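What the sequence shown shows, in our numbering, is residues 211 to 535, in sequence order.
Here is the structure we will look at, set down as structure tokens.
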Amino acid sequence: MPAAHQLTGLVSVAVPVFNEDGAIDGLYESTRRVLEQIGRPWEIIFVNDGSTDGSDEKLDAIAARDPHVRVVHFRRNFGQTAAMMAGFDHARGEVIIPMDGDAQNDPADIPRMLEKIDEGYDVVSGWRKDRQDNALQRNIPSIMANRLISGMSGVDLHDFGCSLKAYRAEVIKGVRLYGEMHRFLPIYAKWHGARITEIPVSHHARRTGSSKYGLERVMKVIFDLVTVKFMDKFMLKPMYLFGSWGLIFLSASFAFVLWTFYMRWQGYYFTDTPLPMMAVFSFMTGVICVLMGLLAEMVTRTFHESQDKAIYLVRSTRNFDRADG
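This is the structure we're talking about:
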């Protein structure tokens with residue numbers, strides 16, 4: 211969808227919601243109180259990610275009485291990354307602050323994040339230093355994942371998974387995310403020269419609903435991290451990766467051929483060693499790698515030349531026909 215018209219000085223808070231009926235009212239009230247005290251225009255964008263527990267009715271009721279609240283309803287559940295992208299797409303603020311819809315993030319941390327933005331930083335990342343989650347299910351896997359992400363990306367943050375962050379709109383507008391890649395937004399911003407800092411933020415134990423995360427999320431993070439690393443190094447020239455591996459396998463094939471003839475000179479028949487099969491296998495693998503590189507180049511060019519395609523479908527919206535917040 212086209213980018214929302216940006217309003218000077220506006221702070222946009224984007225909140226993905228999926229079956230958080232019990233947390234919505236408290237989260238809205240606490241966020242509203244904080245935003246009313248910052249002395250800047252503000253809006254809250256709730257993105258209903260296909261909730262089935264009555265969250266949509268509750269969000270519509272809030273939007274009906276508060277014009278600062280805007281609501282996007284998805285046709286079905288598309289996942290947290292898609293919901294966060296919808297919040298970014300519909301945000302009109304100069305600063306965009308995503309936060310979880312389960313009320314575990316504390317809106318009271320927002321003013322400190324805005325102070326860091328005013329100091330000249332482009333991204334302020336929250337660090338749940340005293341995390342109130344199950345240690346085995348969430349904390350330990352999170353520590354391992356964060357260290358892995360920091361090591362591979364070169365972006366030194368303690369808590370990539372914390373949704374509470376503050377972004378200057380220009381560093382994330384136009385970024386397209388898929389899978390579980392919302393946690394890698396600071397990495398994308400870093401690629402574009404963004405100044406990033408991190409501050410400790412409060413974290414509350416979940417009081418309502420149930421967690422949508424589990425240990426299986428670690429594997430998804432690892433796979434997405436491999437994708438991010440590939441995009442960092444080879445997004446624009448995938449042939450550099452596939453061609454390099456193709457050259458390695460073709461060189462191995464040539465070496466196996468030489469080794470085969472050397473063994474034949476030593477008195478061994480071709481059928482006495484696996485070397486001929488290894489040479490054929492390496493040659494075929496090398497050719498396939500090169501062809502995959504050419505195919506990836508074609509896909510990359512098609513991607514950059516095609517129009518953007520949304521990764522979510524909107525059923526309805528609330529308060530988006532207003533001229534301002």
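C-beta atoms are modelled at their ideal positions from N, C-alpha and C, and glycine is treated no differently.
Predicted, not measured: the structure shown is a model, and the values here were computed from it.
Which of helix, strand or coil DSSP assigns to residue i
i: Lys-375; result: strand
i: Ile-382; result: helix
i: Ile-327; result: helix
i: Ala-224; result: strand
i: Ile-307; result: strand
i: Tyr-522; result: coil
i: Phe-284; result: strand
i: Thr-262; result: coil
i: Thr-483; result: coil
i: Asn-356; result: helix
i: Thr-218; result: coil
i: Phe-370; result: coil
i: Val-509; result: helix
i: Gly-503; result: helix
i: Asp-270; result: helix
i: Asp-434; result: helix
i: Gly-249; result: coil
i: Gly-364; result: coil
i: Glu-230; result: coil
Limits of the unbroken alpha helix (DSSP H) element including residue i
i: Ser-461; result: 449–475
i: Ala-292; result: 290–300
i: Glu-390; result: From DSSP, Glu-390 is part of no alpha helix (DSSP H); its letter is neither H nor E.
i: Val-244; result: 234–246
i: Lys-339; result: Element bounds for Lys-339: n/a, residue is neither H nor E.
i: Pro-396; result: 395–401
Bounding residues of the beta strand (DSSP E) (the contiguous stretch that carries residue i)
i: Phe-256; result: 252–258
Paired residues, beta bridge with residue i - DSSP
i: Val-334; result: Ala-376, Thr-407
i: Val-279; result: Ile-254
i: Asn-315; result: His-413
i: Thr-527; result: Val-282
Any non-hydrogen atom of the ligand FAD closer than 7 Å to residue i Cβ
i: Trp-337; result: No copy of the ligand FAD occurs in the structure displayed, which carries no ligand at all.
Cβ of residue i within 8 Å of any chain D Cβ
i: Asp-319; result: Chain labels in this structure do not include chain D; a single protein chain is all it has.
Practice task
Kindly confirm or deny that the stretch 520–529 and the stretch 478–486 touch, where touching means at least three C-beta pairs closer than 8 Å.
Solution key: no
Exercise for the section: Check whether the stretch 265–280 touches the stretch 225–232, counting contact only when three or more Cβ pairs, one atom from each stretch, lie closer than 8 Å. Expected result: yes
Exercise for the section: May I ask you to verify whether the stretch 306–321 touches the stretch 234–244, counting CB pairs closer than 8 Å and requiring at least 3? Expected result: yes
Handout entry: contact_flag[the stretch 281–296, the stretch 353–366] where n(CB pairs < 8 Å) is 3 or more
Key = no
Practice task
Evaluate the contact criterion for the stretch 387–397 versus the stretch 312–330: three or more CB pairs, one atom per stretch, below 8 Å.
Solution key: no
Practice task
Flag this pair as touching only if the stretch 297–306 and the stretch 361–381 have three or more C-beta atom pairs under 8 Å; answer yes or no.
Solution key: yes
Handout entry: Any 3 or more C-beta pairs closer than 8 Å across the stretch 326–334 and the stretch 239–253
Key = no
Handout entry: Any 3 or more C-beta pairs closer than 8 Å across the stretch 398–413 and the stretch 446–459
Key = no
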